[in-house]
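Some notes on the structure that comes next.
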Amino acid sequence: MEAFWVYVTYVASAAGALAIYLAMPPSARSRSRAALGLGAVALGAMLVVLHQLAGESGEHITFGLLSFLAIGAAARVITHSRPVYSALYFVMVVLSTSGMAVLAGAEFLAAALVIVYAGAILVTYVFVIMLAQQPGSTDPLASSMKYDAMAREPGAAVLAGFVLVATIAGVIVGREWPDGVASEVAAVGNTLAIGDVLLHRFAVSVELAGVLLMVAMIGAIAIARKRIPRADEGDESPPPGEIGRRAKPF
Amino acid sequence: MVNGAGMSLVGAVLFGLGVVGFLTRRNLIVMFLSTEVMFQGVLVNLIAMGMRWGDLQGQAFGVFVLVIAAVEAGLGLAIVVMLFRRRGTLDAERWNTLRG
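Listed in order, the protein sequences are those of chains U and V. Per this note's numbering, the first sequence runs over residues 67 to 316. Per this note's numbering, the second sequence runs over residues 18 to 117.
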């Protein structure tokens, strides 16, 4: 693709980065309105680039809608000042990602995404958020709003993210891509084909993944069951290596 | 069938947003959520690469990414709960003694 579209991609990334910077938590109303406008410009430019990339391969509108939803929701995940809403916007990211997987012919992965991510991991997140932020302003939560309402070094972080995204996106847009190739095993159904690949080519990796899950489960139970003394009661500050060692594991 | 280039573009943007979120947010839980956004970007990219080469390895790796994301969420959230019990706050800045 010619160099013009690469520059369009850079401009879109810059507008998006500025929008994210303006939308970062200490947000006044005027700033968030400007962020909304810039974000709309960036997303619109990106949709035009996507349209150019897609060429004649069809399904433009569905894919454009899904990518719009995914990126907008991801921007809200990282800029919303209340963690519960961040988690709920992340559900939207997962759903639109699984929609893209369906469009790409990965039905099994789409279903697994909805079940594992939206159904299991996100429930764990929401559970921990609820556990850590009960309503009622008792002492440990008095400052809970302050650190959510303040971003840490937003300028430098947005600059780093802009350089990363602009570089990768420039390379992607600048290359010639072949049209999507339908995989040769699609005739038997995606789930069957994935199972075949997993259990023939990646059998050892599947076993290792199972072992890893079990080790992680045992580790999480061991960590969460430890009796952790509060920092502000009793002995003030044990040296960093001693924090876990003084507590009995079970 | 969509084009692989568009999907990897979306994946790159998702990954970049996750990086920015991880660097800027101070809430430990939201930092972990940002890593999940990065995982989503990688997953979209894997699906796109699988499409581009026309075989199923990309999707198989996507399944493994899902496993790693589950492991990371479980262990990470256990550590977050432990840190919250210790200090009573989720502010990452309160744990800057580990900077050395």
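In this text, a Cβ means the ideal position worked out from N, Cα and C, and glycines have one as well. Remember, it's a predicted structure, so these values are computed and weren't measured experimentally.
- Query: Going straight from the alpha carbon of I85/V to that of S98/U, what length do you get?
  - Reply: 35 Å
- Message: Taking the alpha helix (DSSP H) that P149/U belongs to, which residues open and close that run?
- Response: 149-169
- Query: Would G38/V count as contacting chain U if we go by Cβ distances under 7 Å?
  - Reply: yes
- Query: Whole alpha helix (DSSP H) runs in the segment 34-113 of chain V with 4 or more residues, listed along the chain?
  - Reply: 45-70, 74-104
- Message: Looking only at its chain, what residues have a beta carbon closer than 8 Å to the beta carbon of L188/U, apart from the 5 residues adjacent to it on each side?
- Response: A153, F156, V157, V160
- Are any of the Cβ atoms in chain V nearer than 7 Å to that of T190/U? yes
- Query: When the Cβ atoms of the segment 82-92 of chain U are set against those of the segment 104-112 of chain U, are three or more pairs found closer than 8 Å?
  - Reply: yes
- Rounded separation between F129/U and R69/V - CA only: 16 Å
- Query: Which residue's Cα is closest to the Cα of A90/V: A77/V, T52/V, F32/V?
  - Reply: T52/V
- Message: For L102/U, which residues in the same chain have their Cβ closer than 6 Å to its Cβ, ignoring the five residues on either side in sequence?
- Response: none
- Item | Cutoff 7 Å: V84/V Cβ touching any chain U Cβ | yes
- Classify G255/U as helix, strand or coil using the three-state DSSP reduction. coil
- Compare the C-beta of V168/U against all C-beta atoms of chain V and say whether one is closer than 7 Å. no
- At least three beta-carbon pairs within less than 8 Å, the segment 138-148 of chain U to the segment 21-29 of chain V: no
- Close Cβ partners of V180/U (< 6 Å) along its chain, the five nearest in sequence each way excluded: S164
- Message: DSSP three-state label for I260/U, please.
- Response: helix
- Amino acids of chain U, ordered along the chain, whose beta-carbon sits closer than 8 Å to that of M99/V: I289, A290, K292, I294
- Pair within 7 Å by beta-carbon distance, A95/V and A286/U: yes
- Task: Answer with buried or exposed for T41/V, where buried requires no fewer than 16 other C-beta atoms within 10 angstroms of its C-beta.
- Result: buried
- Figure out for me which residue from F134/U, S162/U, F193/U, R218/U has the closest Cα to the Cα of A109/V. R218/U
- Message: Considering only their Cβ atoms, is the gap separating V97/V from L45/V smaller than 7 Å?
- Response: yes
- Item | Selection from F32/V, M24/V, V47/V that minimises the alpha carbon distance to H146/U | V47/V
- Indicate whether V143/U and V54/V have their beta-carbon atoms separated by less than 7 Å. yes
- When the distance is taken between beta carbons, is L119/U closer than 7 Å to G23/V? yes
- Message: Let me see if you follow: with CB-CB separation under 7 Å, is W243/U close to chain V or not?
- Response: yes
- Item | Contact set between S271/U and chain V, taken where Cβ atoms lie within less than 8 Å | F81
- Query: Beta-carbon separation of L264/U and A77/V under 7 Å?
  - Reply: yes
- Query: Going straight from the alpha carbon of I289/U to that of L132/U, what length do you get?
  - Reply: 38 Å
- With 16 other CB atoms within 10 Å as the buried threshold, where does P92/U fall? exposed
- Proximal chain B residues relative to R43/V, where beta-carbon distance stays under 8 Å: Looking at the structure shown, chain B is missing, and the protein chains on hand are U and V.
- Between which two residues does the alpha helix (DSSP H) harbouring R241/U extend? That residue, R241/U, is in no alpha helix (DSSP H); it is neither H nor E in DSSP.
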